[in-house]
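Numbering (UniProt numbering), first residue to last: 1 to 689. Note that CB positions come from ideal geometry on N, CA and C, so glycine has one too.
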C-alpha cells in the first residue's frame, strides 16, 4: 500500500499539478526544438521522459505508469540525459552504506548510554548524562556535519572533505580501496551517529523493567550483574525501541539529501538534490519511490524479526466501540416505525431517555451556593495560569527551557524594533565576535551585523514553527483520536492512511512539494513542513487512546449515555494533554530543523529571513575555509542550537504539568480539606514532586 501510494503520488504530481513536471518537460522540449515540434511528437517525447502520455485517458496512463515502474523503468533524466535507473541505481548502495553504518553505531550508543543511565538512576551520572543526551538530541545533524567538516575536513588531511573514494584508486575488494571508502564516509557517518545519542527513552524502559519481579528473583538467585543487565533488563527493554530504530532508517534516508550535499558524497540524496535544483522531475519522482521502497523493506524486516526478540510479540485485533452495520440498520428501521427520534427497547436507551437531556447533559438538582463570579474568575486564573507557572518553575528543565523560549519570543516580538537594520558596510569586514560590543557576534564579509541578522530572522522562524505545529496537532488529533476511540473500519482506514504517510520519507516528500509550490510565506512553509510531522504523532495519540478508552471513567460515561463529543473532550482529551504538549513542542523542533536545512540547501526560495539562509551564504562565502571566517557560520548555529535545546528541555519538563497531585499542591484556590484528602489518597505524591 505504501509503495503504491508513492507511485500514485508521483503520477498525480506529473500528470495533474498545473505548472508541474509535465508542463515543465514540454516547455523544455519546445525550447530545445525552437517551437517547431508538433503536438503528437511532443506527447511522444514527454512520454519518453516521464512514462506518462498526456493524450491517453487518466486510468490508462496510470496503469502504464505502474507497469513501467514495476519494470524499474522510470523514464529518462532531463538533466543527466540518461535513463533514470542508470543514474539512481548505482547510488543506492552508497547511501545504504552510510545510513546503515550510522544506524548501527547510533543504536549501540542508545543502548549503552540508556542502560548506563538506568543503572545509575538518580545519581550524578544520571543527571549529567541526561542533560548531555538532551543537548546532543537538540543539535541538528547538518550542524554537526559542518563543524566536523571544518575541524577535520579542512583542518587535517586524513579525512577528505568530499567524494566517495580516492579517484586515483581502482574500485575493488582490496584493502587500499576499502580504507579509502571508509575514510571518505567517516565524517557523514559521524554526523548522523553523534546526533542519535538518544537513550532517555531506552532508559525509561530499563527503569520500568528494573522494578519487575523476575529481576528481583534473578538478583536473589545470585546471578551476575552483567547477565541481569543484558539478558533480563536490556533484552526486555529492546522491543519497544526496535520499531522506532528501524523507522529511523527513513529519517536517515531523508537526511541524506542534506548530508550528502554538504560532503559532496554521491549517493541517492546527492543526485536527488541535483535533480531538484535542475527541475529534473522524472529523477526526483523516481528517487521518492526508491526512498519509499527501501524504507518499507526496513520496516518489514523489523516486523518479521519481532519474534526473535520477544516471542510474545504479536498483532492484536482492533476493537470497535462503534455499532455494527446490522445494529445501525435495525435502529434506523425502529425510528421509521415509531416516527420519533427515540427508542426505548434497551436498558441503555431507557437510561439515556430518563436521565440525559437533549443537549446530552445529566440532569441533577443543584442548590445555589455563595460562590460569586469574582471567586470563579480568580479560581480559573489560578488553576489555568498561575498553577502551571508554579509547577514549571519548580522543574529545573522546564524552567530553563521556558526562559530560553521566552527570550526567543521576546526577540520575535520586539527584536526588529530593537536592533539596527541589516545593511552592507554597516561595520568593519569580518569583525570577530566580542571584538566590538556594538557587533557582539561579529560581521560578515561585507560588514553586516550578524547579531542583527539572527534577531530579525527570529520572527519568521517562530511564525513558521507555530503554523506548522498547529497543522500537525490538528491532523494528528483528527485522525489519531478518532481512529483510537471509534475503532473498527474507521480505525483501519485512518491508520492505513497514517502508516502510508509515515513510511514515505517525509523530507523527500516535503522537498518535492516545496519545489513545485515554491512557498514564500512563513505560514505556508510551516504548513508544508507539517506533512513530515503529523503521522507519527497521530500514531502515538491513537495508541494512547486505545488505553484510555478502556478505563473505568470512560466506560461509565458511555454507559450513562453521554455524547461522544462530551466523552472525547472531558474524559479523553484531558488525559492526552501531556502527549499533546510534548508533540507540539517536538513538531516545532522538527519544523525548525527541517526549514533551516532546506533554506541552507537553497531549495526554499529566499523570500524571508531565516537562519538557514545565513548558513547558505556563509558556506558559499568561504566560512569553512579559515578560522577568521568560521564565526560567520557559528552565529546562526548558536541560535539554532539554543532554540532547539530550549524546546527539548521544555518538552522534557512539562510532563509534570498534568500530574493531578502536583496541581493540587500548587493551586492556591484548592481548599485545605481537598489537599489533605489528596495527600491521604496517594502515598506517591512526594515522589512525584
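- Rounded to the nearest angstrom, the Cβ distance from residue 25 to residue 46 is 5 Å, consistent with a contact under 8 Å.
- Per DSSP, reduced to three states, the secondary structure at residue 76 is strand.
- Within the same chain, Cβ atoms closer than 6 Å to the Cβ of residue 278 are found at 79, the five residues on either side in sequence being excluded.
- Residue range 573-601 is occupied by the alpha helix (DSSP H) that includes residue 586.
- Counting other Cβ atoms within 10 Å of its Cβ, residue 417 stays below 16 and is therefore classed as exposed.
- Our two residues, residue 526 and residue 490, have alpha carbons roughly 28 Å apart in a direct line.
- Listed in chain order, the beta strand (DSSP E) elements of length 3 or more contained wholly in the stretch 462-550 amount to none.
- Excluding five sequence positions before and after residue 557, the CB atoms of its chain that fall closer than 7 Å to its own CB belong to 567 and 571, given in chain order.
- Straight through space, the alpha carbons of residue 29 and residue 434 are spaced by roughly 55 Å.
- At a cut-off of 4 residues, the continuous stretches assigned as alpha helix (DSSP H) that sit fully inside the stretch 382-451 are 387-394 and 396-418.
- Non-local beta-carbon contacts of residue 55 in its own chain, meaning distances under 6 Å to residues more than five positions away in sequence, involve 43 in chain order.
- Residue burial annotation: residue 645 is buried, with at least 16 other C-beta atoms found within 10 angstroms of its C-beta.
- Residue environment for residue 153: buried (at least 16 other C-beta atoms within 10 angstroms of its C-beta).
- When the beta-carbon positions are compared, residue 477 and residue 292 stay at least 7 Å from each other.
- One Cα belongs to residue 554, the other to residue 586, and the distance between them is close to 28 Å.
- CA-CA distance, residue 549 to residue 143, rounds to 43 Å.
- Boundaries of the alpha helix (DSSP H) around residue 558: 552-559.
- For the set 228, 610, 254 and 443, the Cα lying nearest the Cα of residue 412 is the one of 610.
- For residue 52 and residue 62, the gap between their C-alpha atoms comes out near 8 Å.
- Note that the stretch 119-137 does not touch the stretch 593-608; fewer than 3 beta-carbon pairs, one per stretch, sit closer than 8 Å.
- Counting C-beta pairs closer than 8 Å gives fewer than three between the stretch 79-90 and the stretch 176-196, which falls short of the contact rule.
- Nearest to residue 448 by alpha-carbon distance, out of 428, 436, 467 and 459, is 428.
- A residue is called buried when at least 16 other Cβ atoms come within 10 angstroms of its Cβ; residue 533 meets this threshold and is buried.
- For residue 640, the enclosing alpha helix (DSSP H) stretches over residues 627-653.
- Just so you know, the alpha carbons of residue 385 and residue 378 end up roughly 10 Å apart.
- Under the three-state reduction of DSSP output, residue 83 falls in the strand class.
- With distances taken between CA atoms, residue 264 lies nearest to 164 out of 613, 164, 193 and 591.
- Where residue 612 is concerned, the enclosing alpha helix (DSSP H) starts and stops at 611-620.
- 7 Å or more divides the Cβ of residue 649 from the Cβ of residue 588.
- Residue environment for residue 214: exposed (fewer than 16 other C-beta atoms within 10 angstroms of its C-beta).
- Contact annotation: residue 437 and residue 628 have beta-carbon atoms that are not nearer than 7 Å.
- In terms of Cβ geometry, residue 481 and residue 562 do not form a close pair [threshold 7 Å].
- Going by beta carbons, residue 450 and residue 635 fall inside the 7 Å limit.
- Residue 539 and residue 483 have their C-alpha atoms spaced approximately 9 Å apart.
- Annotated three-state conformation of residue 146 is helix, per DSSP.
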